[in-house]
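See structure below.
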Amino acid sequence: LSLGLLTASRLRAARACQRLHYFEYEVGVRVLNEAETLRFGTLIHKGLEAWWKDDGSDRLGAALRALAECESDPFELVKAQELIRGYHLRWQYEPYKVLGVELEFVTELRNPTTGGVSRTWRLAGKLDVLVQHLVTKEVFVIEHKTTSEDITAGSEYWKRLRMDGQVSCYFLGGASLGWPIAGCIYDVIGKPALRPSQVPELDADGVKQVLDGSGQRVRTKDGKKWRETGDAAQGYTLKTRHETVEEFRERVVEAIASAPDRYYQRGEVVRLEAEMGEALFDIWQLGQQIREGQLAKRHPRNPDACVRYGRTCPYFDVCTGTASLEDETRFRRIPTIHPELQGATP
Ligand code: SF4
4 LSLGLLTASR
14 LRAARACQRL
24 HYFEYEVGVR
34 VLNEAETLRF
44 GTLIHKGLEA
54 WWKDDGSDRL
64 GAALRALAEC
74 ESDPFELVKA
84 QELIRGYHLR
94 WQYEPYKVLG
104 VELEFVTELR
114 NPTTGGVSRT
124 WRLAGKLDVL
134 VQHLVTKEVF
144 VIEHKTTSED
154 ITAGSEYWKR
164 LRMDGQVSCY
174 FLGGASLGWP
184 IAGCIYDVIG
194 KPALRPSQVP
204 ELDADGVKQV
214 LDGSGQRVRT
224 KDGKKWRETG
234 DAAQGYTLKT
244 RHETVEEFRE
254 RVVEAIASAP
264 DRYYQRGEVV
274 RLEAEMGEAL
284 FDIWQLGQQI
294 REGQLAKRHP
304 RNPDACVRYG
314 RTCPYFDVCT
324 GTASLEDETR
334 FRRIPTIHPE
344 LQGATP
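Read left to right, the sequence shown gives residues 4 to 349 (this note's numbering).
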């Protein structure tokens, strides 16, 4: 009998809501249209994977080529391209030797009290990057994150990350691959909060065009002289057009260059033995809860988790009885419940 796999994302789902966990990890359903933030995270992840996999001769080129192969909204792609360019400038000279990229692991889960090996679960996951510091020779897991939150030093984001049980999974995963892990480096990229906007449409002389209520230009050129022709009583509006992708790119570059600390942060999370023990206990206990739910065929809803970080859970309509998981326009069945692990069995 094959054991179930507990991954960091499965544990996160179970921690948030047992029903959510049931939908995604027991029924095997995923939302068809991923949230914009998730899609962007995937895009950046692809670029970073190529950046780290390159032998160092053309990291930026490799990352940009990987991005070019992704299907994406052109404005989102511009953000990803410029963030990766800035990432390269910021981190290209860090003294690390890459030991592996996207390394999958599956290891036994032990009861933190008795040391006994679980007969229900194994711990599994994927390490984004494993590196060795060129000077100290210490081995670190590098974990990529993208977020729209404030990531500057001392922000709530970092406080939360330091508590994240996921780190403990990486330590155990790294050890199972034969590397003693000195720490986990969270490599965080902030997403620029910029959106494509309207810009003034200039005339042949490069002048903005103000229109009155009837669509007539307020100031028109008569020979070399400008004269007012509009009717102020009708109210004035500025004639605008959609910003082009390259104009948007300029704004993104300017935003990143003017405050790089808002977009690139790395922080090391070390785990003390006591913290590791506590994190393991969390994982063990959660595994027990999931198993109990499976046996009882009960998966309690958690209404406190339906709206989190300003987003409504994608299964809200299912839980409230107004939609079905069978609705193919909204949900899809996945062939394996851990699509991120290619070598593992469900
Ligand atoms: S809508 Fe609420 S109860 Fe339903 S799965 Fe999502 S978080 Fe759980």
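C-beta atoms are modelled at their ideal positions from N, C-alpha and C, and glycine is treated no differently.
Contacts around residue i, its chain only, beta-carbon distance under 7 angstroms, and the 5 residues preceding and following it disregarded
i	result
D57	A65
A347	Note that A347 has pLDDT 48, beneath the 50 cutoff, so the model's placement of it is unreliable and the number below is only indicative. Cβ neighbours of A347 beyond the five flanking positions: L8, E107, V109, A127, H341.
V255	V81, K82, E85, P195, L197
I293	A17, H24
L180	L106, F108
W55	V101, V104, V132
C172	A11, L126, G128
C309	T315, C316, F319
Proximity of residue i and residue j at Cβ, strictly below 8 angstroms
i	j	result
G290	S158	no
P115	G280	yes
V132	W182	no
V101	V134	yes
L35	F334	yes
K104	V272	Per the sequence shown, the amino acid found at residue 104 is Val instead of Lys. Against a cut-off of 8 angstroms, the Cβ pair of V272 and V104 comes out as no contact.
G59	Y266	no
Y318	F43	no
A53	A69	yes
T130	G177	The question names Thr, but residue 130 in the sequence shown is Leu. For L130 and G177, yes; Cβs fall inside 8 angstroms.
T150	L6	no
R311	G31	no
Between the CA atoms of residue j and residue i - distance to the nearest angstrom
i	j	result
P98	T139	10 angstroms
T325	E331	14 angstroms
L344	V202	45 angstroms
L214	D153	40 angstroms
S217	E204	17 angstroms
Y239	R222	11 angstroms
W229	R220	11 angstroms
C73	L46	7 angstroms
L352	R165	This structure cannot speak to residue 352, because the chain is shown only from 4 to 349.
C187	R274	9 angstroms
G358	L112	Here the chain has residues from 4 to 349 only, and residue 358 is not among them.
L137	R301	51 angstroms
T117	W287	12 angstroms
Burial state of residue i (16 or more Cβ within 10 Å)
i	result
L4	Its pLDDT being 49, under 50, L4 is placed unreliably by the model, and the measurement read from it follows with that caveat. Classification for L4: exposed.
V248	exposed
V210	exposed
R22	buried
R338	A small correction: the amino acid at residue 338 is Pro; Arg does not occupy that position in the sequence shown. P338 is exposed by the Cβ-count criterion.
T232	exposed
K148	buried
P349	Reliability of the predicted coordinates at P349 is poor, the pLDDT of 41 falling under 50, and the value obtained from them is presented with this limitation in mind. Answer is exposed; the Cβ neighbour count stays below 16.
L175	buried
Y96	exposed
L298	exposed
D264	exposed
E146	buried
Proximal residues to residue i (C-beta, below 6 angstroms), its chain only, five neighbours per side dropped
i	result
H24	A16, A17
D206	Q212
P199	F78, E246, F251
F284	P115
Q268	I154, V191
P303	Q21
R13	Y28
K49	A69, C73
Chain-order list of residues whose beta-carbon lies under 8 angstroms from that of residue i (same chain, five-residue window excluded)
i	result
S327	V321
T243	Q201, V202, P203, E204
Report all residues for which the CB-ligand distance to some heavy atom of the ligand SF4 is below 5 angstroms; order them along the chain. C20, R22, L23, R304, A308, C309, C316, Y318, F319, C322
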